[in-house]
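Beneath this line is the structure, given in structure tokens, with notes to follow.
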Ligand code: SF4
């Protein structure tokens, strides 16, 4: 397999024709450009301003206050008195000003002038950029219809371009967060509870007695508000059980850390279920009143005795028994956490259904201290047919899946592609195929704040205003304590020629003659129109200090209505038998590592948000590159020392672009290794992030498709260490 781009930054600059004049415009002028200063003047004041907005350094949407001195953001804190994250922000929120003032930002619209991927661009006007994109979209729509177009989107700023694509019935719109995180969970929870599964249920940390995290590494995957809630729950005496092959930071705080064999989580869950049923520890009254399919569950779970579960998961039978007893003793006030990132091994819907079933068995759904179903704002729970329709769509529609779109691009069926905030080379399995697919497209446009790896393949690049420079969408929050609305608001004017996403899409919409949502003069008018439904406006929210409280719309506790065909929690969803769903979730065995290899696991860091922050100076100061977690006993056998730099090679012979530093620890099993996702950028325009650390996706050339949702689990890739050019045999201990 061909190595990924080996282009160096120096070589790139030579090739790109970004000569002295252009380079000067990329130089560290920051916000000093005269035109920009003129625009900034409206914001400049000798007084210090504290301007509220919504953080976008991850998807948690913390409310923040930006201290702006003479038009420059100097500090970001939590927004006082807000009912969500309070005064706290994480390191990434604090470092958002480094994104704003990043010298590598995309500054002007540009068009490709060399071969695709060669990296030669010329600065153009917004008019030319918008004309070119709209002409290409129109041409493809006219000649081949909506099936010839696709969009890779990420984040709330992409909501306007998604809206425009929907106007043209373009179904191939990939949202990586939905595919990798939300869809498996949505399907599992819709099937079981009939709730509006697109929404994470509310977790009643304030009243819980026990929290169970299956694979969730909260702590590394930071959500400030949730971490505060978890810490308070622990302070109130709640138990914490963490299931993870790795001793994560939250595992360090747990009463029990179960170091499970990767891919066998569902067996542990079934082992718990079987023991809880056998020992009569489930909520008999709740189950008889609210559940269908209990008999089938009891029958099928009986296969997973403590001994069987221990044999498959590698967790001692006594530990499984003890933890099952601990969970049941806390019921119904138990949070079986539904999880965040969910596409793991390609058997994910069944694993998540099993989690949901365990919550049902314990009577936790709709109970104090458990999982509280969200209700749509002002609406009743969605009716049964709406829920069934959503399930059918999730089971059948593959058009929007990233790997499906890439395949169609390879075949030439998708010819025109947009990337809006997403970096598919780091989000979709097998970046080598993704690269080839982008090379084969007729036309690619990209809109982003920074020049990511994928923007290198664009014909037209649009500079997007960073989140501190733009309005976005109306953000609605529902918590167990309070509902409220906030809107991301600019705290400084856009730098250089960056524009807000509404403005950009409005220009496209005007050229294409479609898009009623873009009839408003600007994004402020559009947002005021939306806020009017709640008798609010941007001015009112600003006057109230950055957020507006909403009335609680429903009684959350004892909310046990289910939009399933039976009107009950369905352990055994008979209505779906035609859709080949194994009715009671059975364990779909995950392939073990081949001889001499270890499973490659990857995850988050508390100081980075995937590739978004790889170029952030402050965050790189905290973590400049990723390291490889390696079991210390295995390392001793392999004669590998802490701090050594070794190459990785995967099962298909693909080697890492550079060696990775090894961290030896007893905190990981010997059959897997772990590194943080988001490193190893190949875009030479990222001065800080280019070629730093090792990109996990570069080693993920295989995936396993979930038979129900179609999402791609990536934890089916394996690696071995290469020392002095020779592979080390990573055989298990
Ligand atoms: S958790 Fe951190 S990065 Fe995420 S929204 Fe909150 S402050 Fe921002």
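In the working numbering, the protein residues as written are 4 to 736.
For every residue, glycine included, the Cβ atom is placed at its ideal position computed from N, Cα and C.
As the structure is a computational prediction, the values presented were derived from the model and not from experiment.
Nonlocal neighbours in the same chain, by C-beta distance under 6 angstroms from residue i, ignoring five residues either side
{"i": "residue 289", "result": "366"}
{"i": "residue 521", "result": "509 and 512"}
{"i": "residue 149", "result": "171, 172 and 173"}
{"i": "residue 77", "result": "70"}
{"i": "residue 275", "result": "327"}
{"i": "residue 463", "result": "114, 132, 135, 136 and 448"}
{"i": "residue 614", "result": "426, 429 and 681"}
CB-CB length for residue i against residue j, believed under 8 angstroms
{"i": "residue 665", "j": "residue 652", "result": "That belief does not hold up - the Cβ atoms of residue 665 and residue 652 are roughly 14 angstroms apart, past 8 angstroms."}
{"i": "residue 117", "j": "residue 123", "result": "3 angstroms"}
{"i": "residue 684", "j": "residue 538", "result": "Rounded, the Cβ-Cβ distance is 46 angstroms, inconsistent with contact."}
{"i": "residue 391", "j": "residue 554", "result": "That pair is no contact at about 30 angstroms."}
{"i": "residue 396", "j": "residue 477", "result": "Contact flag wrong, Cβ pair sits at about 25 angstroms."}
{"i": "residue 596", "j": "residue 194", "result": "About 31 angstroms; that fails the 8 angstroms criterion."}
{"i": "residue 355", "j": "residue 187", "result": "6 angstroms"}
{"i": "residue 515", "j": "residue 141", "result": "6 angstroms"}
Whole-angstrom distance between residue j and residue i, CA atom to CA atom
{"i": "residue 678", "j": "residue 145", "result": "46 angstroms"}
{"i": "residue 432", "j": "residue 717", "result": "7 angstroms"}
{"i": "residue 594", "j": "residue 261", "result": "21 angstroms"}
{"i": "residue 182", "j": "residue 434", "result": "17 angstroms"}
{"i": "residue 481", "j": "residue 242", "result": "25 angstroms"}
{"i": "residue 624", "j": "residue 611", "result": "11 angstroms"}
{"i": "residue 658", "j": "residue 724", "result": "10 angstroms"}
{"i": "residue 448", "j": "residue 530", "result": "26 angstroms"}
{"i": "residue 345", "j": "residue 294", "result": "25 angstroms"}
{"i": "residue 29", "j": "residue 452", "result": "Caution applies to residue 29, whose pLDDT of 32 falls short of 50 and renders its modelled position unreliable; the model cannot decide the point."}
{"i": "residue 443", "j": "residue 427", "result": "15 angstroms"}
{"i": "residue 231", "j": "residue 540", "result": "30 angstroms"}
{"i": "residue 590", "j": "residue 270", "result": "6 angstroms"}
{"i": "residue 113", "j": "residue 519", "result": "28 angstroms"}
{"i": "residue 70", "j": "residue 626", "result": "25 angstroms"}
{"i": "residue 564", "j": "residue 410", "result": "41 angstroms"}
{"i": "residue 726", "j": "residue 643", "result": "9 angstroms"}
{"i": "residue 629", "j": "residue 636", "result": "21 angstroms"}
{"i": "residue 634", "j": "residue 263", "result": "14 angstroms"}
{"i": "residue 37", "j": "residue 95", "result": "Only weak support is given to the placement of residue 37: the predicted model assigns it a pLDDT of 34, under 50, and the value that follows is read from those uncertain coordinates. Rounded to whole angstroms, residue 37 to residue 95 spans 30 angstroms at the Cα level."}
{"i": "residue 352", "j": "residue 191", "result": "6 angstroms"}
{"i": "residue 504", "j": "residue 608", "result": "28 angstroms"}
Endpoints, the beta strand (DSSP E) within which residue i is located
{"i": "residue 489", "result": "486-490"}
{"i": "residue 551", "result": "551-553"}
{"i": "residue 446", "result": "446-451"}
{"i": "residue 291", "result": "First-last for residue 291: 287-293, but that is the alpha helix (DSSP H), not the beta strand (DSSP E)."}
{"i": "residue 480", "result": "477-481"}
{"i": "residue 115", "result": "113-115"}
{"i": "residue 68", "result": "66-72"}
{"i": "residue 526", "result": "Here residue 526 belongs to no beta strand (DSSP E); instead the alpha helix (DSSP H) covers 526-534."}
{"i": "residue 242", "result": "242-246"}
{"i": "residue 419", "result": "419-423"}
8 angstroms Cβ shell around residue i - same chain, five flanking residues per side excluded
{"i": "residue 331", "result": "279, 282, 284, 285 and 365"}
{"i": "residue 226", "result": "61 and 63"}
{"i": "residue 632", "result": "249, 666, 668, 670, 671, 676, 677 and 678"}
{"i": "residue 502", "result": "129, 465, 466, 467 and 468"}
Run of the alpha helix (DSSP H) containing residue i, from where it starts to where it stops
{"i": "residue 146", "result": "129-147"}
{"i": "residue 187", "result": "186-196"}
{"i": "residue 363", "result": "351-364"}
{"i": "residue 281", "result": "268-281"}
Close Cβ partners of residue i (< 7 angstroms) along its chain, the five nearest in sequence each way excluded
{"i": "residue 729", "result": "none"}
{"i": "residue 732", "result": "599"}
{"i": "residue 258", "result": "242, 243 and 244"}
{"i": "residue 454", "result": "107, 109, 686, 688 and 689"}
{"i": "residue 740", "result": "One cannot answer for residue 740 here, as it falls past the ends of the chain, which runs 4 to 736."}
{"i": "residue 722", "result": "600, 601, 603, 651, 652, 653, 676 and 702"}
{"i": "residue 445", "result": "418 and 419"}
{"i": "residue 711", "result": "190, 352, 398 and 584"}
Evaluate contact between the stretch 81-100 and the stretch 63-72, counting only Cβ atoms and requiring at least three cross-stretch pairs below 8 angstroms.
At 8 angstroms Cβ cutoff, the stretches touch.
Counting Cβ pairs closer than 8 angstroms, one from the stretch 695-705 and one from the stretch 458-474, do we hit at least three?
Between the stretch 695-705 and the stretch 458-474, the count of C-beta pairs closer than 8 angstroms stays below three; the two stretches do not touch.
Inter-stretch contact (C-beta, 8 angstroms, three-pair minimum) for the stretch 202-209 and the stretch 230-237:
Yes, they touch.
So, do the stretch 481-490 and the stretch 97-104 have three or more beta carbon pairs nearer to each other than 8 angstroms?
With the cut-off at 8 angstroms, the stretch 481-490 and the stretch 97-104 do not touch.
Does the stretch 310-328 come within contact of the stretch 685-699, defined as at least 3 CB pairs closer than 8 angstroms?
Segments in contact, no.
Three-pair Cβ contact test at 8 angstroms for the stretch 331-347 versus the stretch 293-302:
The stretch 293-302 and the stretch 331-347 do not touch, with fewer than three beta-carbon pairs separated by less than 8 angstroms.
Does the stretch 393-413 come within contact of the stretch 129-138, defined as at least 3 CB pairs closer than 8 angstroms?
By the Cβ criterion, the stretch 393-413 is not in contact with the stretch 129-138, since fewer than three pairs of Cβ atoms, one from each stretch, lie closer than 8 angstroms.
The stretch 156-168 in contact with the stretch 300-319 per 3-pair CB rule at 8 angstroms:
No: the two stretches stay apart, fewer than three of their Cβ pairs being nearer than 8 angstroms.
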